[in-house]
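Beneath this line is the structure, given in structure tokens, with notes to follow.
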Amino acid sequence: MSATRAAVPPKQRSAGVGDRPVDGRRGSTLLRHLAVALAVGLALVAVSYAVEPFRNFQLATVAAYLCATAGLTVLTGLNGQLSLGHGALMAVGAYTVALCQTAFLDRGMTGGWLLAVSLVAAIVSTVAVGAVVGVAAARLRGPYLAGVTLAVAVVVPALAVTFDGVFNGEQGLSVPVEPPPMALGAYFPYERWQLWLSGAATLLALVLLANLIRSRYGRTFRAVRDDEVAARLAGIHVARTQVLAFVVSAATAGLGGALLAVLAQSVSPGAFSLTLSLFLLMAVVIGGLGRLAGALWGAVLLVALPDLTHSVTELFTLSPAVAQRLEGNLPLAIFGITLIVVMIAAPGGVQGVLSRLGRALLARWPARRS
Amino acid sequence: MDRFVFLTIDGLSRGAVYAAFALALVLIWRAARVVNFAQGAMAVAAAYVAYTVSAATGSYWVGFVVAIVAGLVLGALVDRVVMRHVDHASPLNPVIVALGLVLLIQAVLGMVYGNEFRPAEAPFSRSALTVGGVAVLSPYDLFVFATIGVVVSALAWMFARTPVGLRMRAAAFAPEVSRLLGVNVGGMLTLGWALASGVGALAAMLVLPTELGLHPHAMDLVFVSAFTAAVVGGLDSPPGAVVGGLVVGLLLSYVSGYVGSDVTPLAVLVLLLAVLLVRPGGLFAPVAARRV
Numbered sequence: 001m002s003a004t005r006a007a008v009p010p011k012q013r014s015a016g017v018g019d020r021p022v023d024g025r026r027g028s029t030l031l032r033h034l035a036v037a038l039a040v041g042l043a044l045v046a047v048s049y050a051v052e053p054f055r056n057f058q059l060a061t062v063a064a065y066l067c068a069t070a071g072l073t074v075l076t077g078l079n080g081q082l083s084l085g086h087g088a089l090m091a092v093g094a095y096t097v098a099l100c101q102t103a104f105l106d107r108g109m110t111g112g113w114l115l116a117v118s119l120v121a122a123i124v125s126t127v128a129v130g131a132v133v134g135v136a137a138a139r140l141r142g143p144y145l146a147g148v149t150l151a152v153a154v155v156v157p158a159l160a161v162t163f164d165g166v167f168n169g170e171q172g173l174s175v176p177v178e179p180p181p182m183a184l185g186a187y188f189p190y191e192r193w194q195l196w197l198s199g200a201a202t203l204l205a206l207v208l209l210a211n212l213i214r215s216r217y218g219r220t221f222r223a224v225r226d227d228e229v230a231a232r233l234a235g236i237h238v239a240r241t242q243v244l245a246f247v248v249s250a251a252t253a254g255l256g257g258a259l260l261a262v263l264a265q266s267v268s269p270g271a272f273s274l275t276l277s278l279f280l281l282m283a284v285v286i287g288g289l290g291r292l293a294g295a296l297w298g299a300v301l302l303v304a305l306p307d308l309t310h311s312v313t314e315l316f317t318l319s320p321a322v323a324q325r326l327e328g329n330l331p332l333a334i335f336g337i338t339l340i341v342v343m344i345a346a347p348g349g350v351q352g353v354l355s356r357l358g359r360a361l362l363a364r365w366p367a368r369r370s
Numbered sequence: 001m002d003r004f005v006f007l008t009i010d011g012l013s014r015g016a017v018y019a020a021f022a023l024a025l026v027l028i029w030r031a032a033r034v035v036n037f038a039q040g041a042m043a044v045a046a047a048y049v050a051y052t053v054s055a056a057t058g059s060y061w062v063g064f065v066v067a068i069v070a071g072l073v074l075g076a077l078v079d080r081v082v083m084r085h086v087d088h089a090s091p092l093n094p095v096i097v098a099l100g101l102v103l104l105i106q107a108v109l110g111m112v113y114g115n116e117f118r119p120a121e122a123p124f125s126r127s128a129l130t131v132g133g134v135a136v137l138s139p140y141d142l143f144v145f146a147t148i149g150v151v152v153s154a155l156a157w158m159f160a161r162t163p164v165g166l167r168m169r170a171a172a173f174a175p176e177v178s179r180l181l182g183v184n185v186g187g188m189l190t191l192g193w194a195l196a197s198g199v200g201a202l203a204a205m206l207v208l209p210t211e212l213g214l215h216p217h218a219m220d221l222v223f224v225s226a227f228t229a230a231v232v233g234g235l236d237s238p239p240g241a242v243v244g245g246l247v248v249g250l251l252l253s254y255v256s257g258y259v260g261s262d263v264t265p266l267a268v269l270v271l272l273l274a275v276l277l278v279r280p281g282g283l284f285a286p287v288a289a290r291r292v
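Chains V and S supply the protein sequences, listed in that same order.
Going by UniProt numbering, the first sequence opens with residue 1, and the numbers climb by one from there.
Going by UniProt numbering, the second sequence opens with residue 1, and the numbers climb by one from there.
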């Protein structure tokens, strides 16, 4: 049954998120996660005042990607299902938000709560799509599952072009978003408001995910990943568990896509191509499969790398055409090489290397004291 | 009726290419138990090399031969440099590495050649000949059928009748025993990758003139269709891949002819899901014993 194992070798796997002994900790897991989220939220607010608008926007984008990569981490890292179609699920969320917001605008409805309604609608519609794909996915293994989700990733953007009466073809739709509420002051920077929105939604999603991982469901996810037969013998309904994992990760992908659409204030099929799906997978693999912290590294990388290559190519005096070619493709090439090297040399990803370093330091600590 | 005949022949011609591409997937799957998700990108890379050579020499046929050679070399390289070092304990690892290769190859092609569509020339006319007032085959269709026919028969002959084919089959099915009997298992694996990639490059050369042209992403959809074809036939069966390719080609041709070409990706997805949900082992797989 090795076909259901995640892309994490056993050695690293034993150090995964929820694998630590629980009895060493006190207090409610939910409360602890809420406390961490509150602290991170306050830190984000402080940061949003400290940095320039563009950085605020970038952080907001990281948050949106983090939503999707965290969900994919749960699916691939903890449940061992590989999805190449999460970019398409993000597209579903993004288009839902666009359609909802436009509908609200057309009816002349205003109010801060409308965006929340649209985001919930985005989650609901992605859950529906995710459930359909998830039911199929629960019956498929390894490369077959990858093939189907790959087809989903290729087909969904094509659908936007096919039904261009609704989705407006290659041009896509605009997402009308209201300005920050007047209560925050007349000159509240729009980018800061975006970071608040996106950060709050993502933190909420992360708290729920982190709690899910530490719960009974999280354990069944990992049990199914590690040995499907043993899980079945232990009374776990394998298919139901796999569908649940897929639906949860679809919901977060939908929320992530919706947030991206709100940030960019537009959606188009080009923004949710196959490459985005590959990027998401890449991000969670490079960050470290099986750990939510790895999803954060991945999301940061997704935003930082194109920016970094842009500044690097600006250092050289290149003709505009060459520079444009490099700028679009260099991040792709770096991602590709990194993915291959990480997979071969350090399958635990960034977070795996970090925690190994941390453990090594901890192991030396008492020795130095004595 | 004329339309039906035309769509059928067009579908078979497309299907022949999908069959060759699916055959390449099956070759690697049988040799290494890996579905090569980078196959499309590798084939496009070979086609770009051929395009450059053709432009330099002015001869389509030199480019054609170079494409196949480039495919063979690229396949061997991918096995020796990358795939050999991947931990195959989990089937997800090679898939993820192959996806990394896709990104890398497409990015390098984009950097070198740019991300715009380039015209890909066809060596023969693509306008159909008419027989008794009914448009049937174009000379290009004939060329496609002949080439694929030759390749498929050559592969079948090689696997069934030659010592190398025997060794390759042995290395794939019982690596340890073959090694004890003196078969160079690693070499056979590399040969398998090279052959598959060569066939993939040939398929790309045949399909690109009928699509929009050369583009780093030109084979994405073709790959999905070919994967579907391989799944329809069952990933383990070369004759199944050929039949699956023809089935997918016909389906796509009828759907785009009678419904609209925009719907064809959806049709592929539906076929893929239907086959996987009803007969995950493919239409040609023997009924497996109950698993658990």
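Yeah, the Cβ is synthetic: ideal placement off N, Cα and C, and Gly gets one too.
Comparing C-alpha distances from W61(S) to each of A226(S), L202(S), G257(S) shows the shortest one belongs to L202(S).
Taking a Cβ-Cβ cut-off of 7 Å, F21(S) has no neighbours in chain V, whose nearest Cβ is about 13 Å from it. The beta carbon of V127(V) sits closer than 8 Å to those of V247, A250, A251, G254, all from its chain and outside the five residues before and after it, given in chain order.
Within 8 Å of the CB of I96(S), the CB atoms of chain V belong to A7, L82, L281, V285, L339, M343, in sequence order along the chain. Close CB contacts of T309(V) within its chain, under the 6 Å cut and outside five residues either way in sequence, are with L330, P331 (chain order). When the alpha-carbon of V86(S) is set against those of T210(S), R118(S), L137(S), A32(S), the nearest one is in A32(S). According to the DSSP secondary-structure assignment, L208(V) is paired through a beta bridge with no residue. Its Cα nearest to that of P238(S), the residue V199(S) stands out among D220(S), A267(S), V199(S). Contact of R291(V) with chain S is not assigned, every C-beta pair being separated by 8 Å or more. Counting only runs of at least 4 residues, the segment 250 to 333 of chain V fully encloses the following alpha helix (DSSP H) elements, listed from N- to C-terminal order: 274 to 287, 292 to 315. Taking each of M1(S), A16(S), G114(S), A154(S) in turn and checking the Cα distance to L326(V), the smallest one comes out for G114(S). By the 16-neighbour rule on beta-carbons within 10 angstroms, G149(S) is exposed. Residue state for L105(V) is assigned as helix, using DSSP reduced to three classes.
Counting other Cβ atoms within 10 Å of its Cβ, H237(V) stays below 16 and is therefore classed as exposed. In the DSSP assignment, V131(S) is bridged to V134(S). Here N184(S) is exposed, its C-beta having fewer than 16 other C-beta atoms within 10 Å.
Residue range 142 to 162 is occupied by the alpha helix (DSSP H) that includes G147(V).
Contact between the segment 126 to 146 of chain S and the segment 214 to 233 of chain S is absent: fewer than 3 CB-CB pairs across the two stretches fall below 8 Å. The Cβ atoms of V34(S) and P94(S) sit closer than 8 Å to each other.
When DSSP states are grouped into helix, strand and coil, S261(S) belongs to the helix group. For chain V, the residues of the segment 207 to 235 of chain S that bring a beta carbon within less than 7 Å of one of its beta carbons are D220, L221, V224, F227, V231, in chain order. Excluding its 5 nearest sequence neighbours in each direction, L302(V) has C-beta neighbours in its own chain below 7 Å: Y65, F279, A283, listed in chain order.
In this structure, A68(V) is the residue among A68(V), G80(V), W113(V) with its C-alpha nearest to the C-alpha of L206(V). Shown here, R118(S) sits in a strand according to DSSP, grouped into three states. Rounded to the nearest whole angstrom, the CA to CA distance from A261(V) to D106(V) is 18 Å. Unbroken alpha helix (DSSP H) stretches of 4 residues or longer found wholly inside the segment 208 to 290 of chain S: 220 to 233, 238 to 258, 264 to 278, given in chain order. Contacts between R240(V) and chain S, judged by CB atoms closer than 8 Å, are missing: the closest CB pair is about 16 Å apart. Contact annotation: in the segment 156 to 190 of chain V, residues whose CB is within less than 8 Å of a CB in chain S are A158, L159, V161, T162.
A Cβ of chain V is located within less than 8 Å of the beta carbon of Q106(S). Per DSSP, the beta bridge partners of S174(V) are S266(V). Sequence-ordered contacts of the segment 133 to 156 of chain V with chain S read A136, R139, L140, R141, G142, P143, Y144, A146, G147, V148, L150, A151, V152, V154, V155 [C-beta pairs closer than 8 Å].
Taking C-beta separations shorter than 6 Å and ignoring five residues to either side along the sequence, the partners of G245(S) in its chain run G15, Y18, A19, A22, A229, following chain order. Annotated as proximal: D79(S) and W193(S), with beta-carbon spacing under 8 Å. Where R30(S) is concerned, the enclosing alpha helix (DSSP H) starts and stops at 2 to 32. Under the Cβ criterion of 8 Å, V86(S) is counted among the residues facing chain V.
Pairing I68(S) with A146(V), the inter-Cα distance amounts to about 28 Å.
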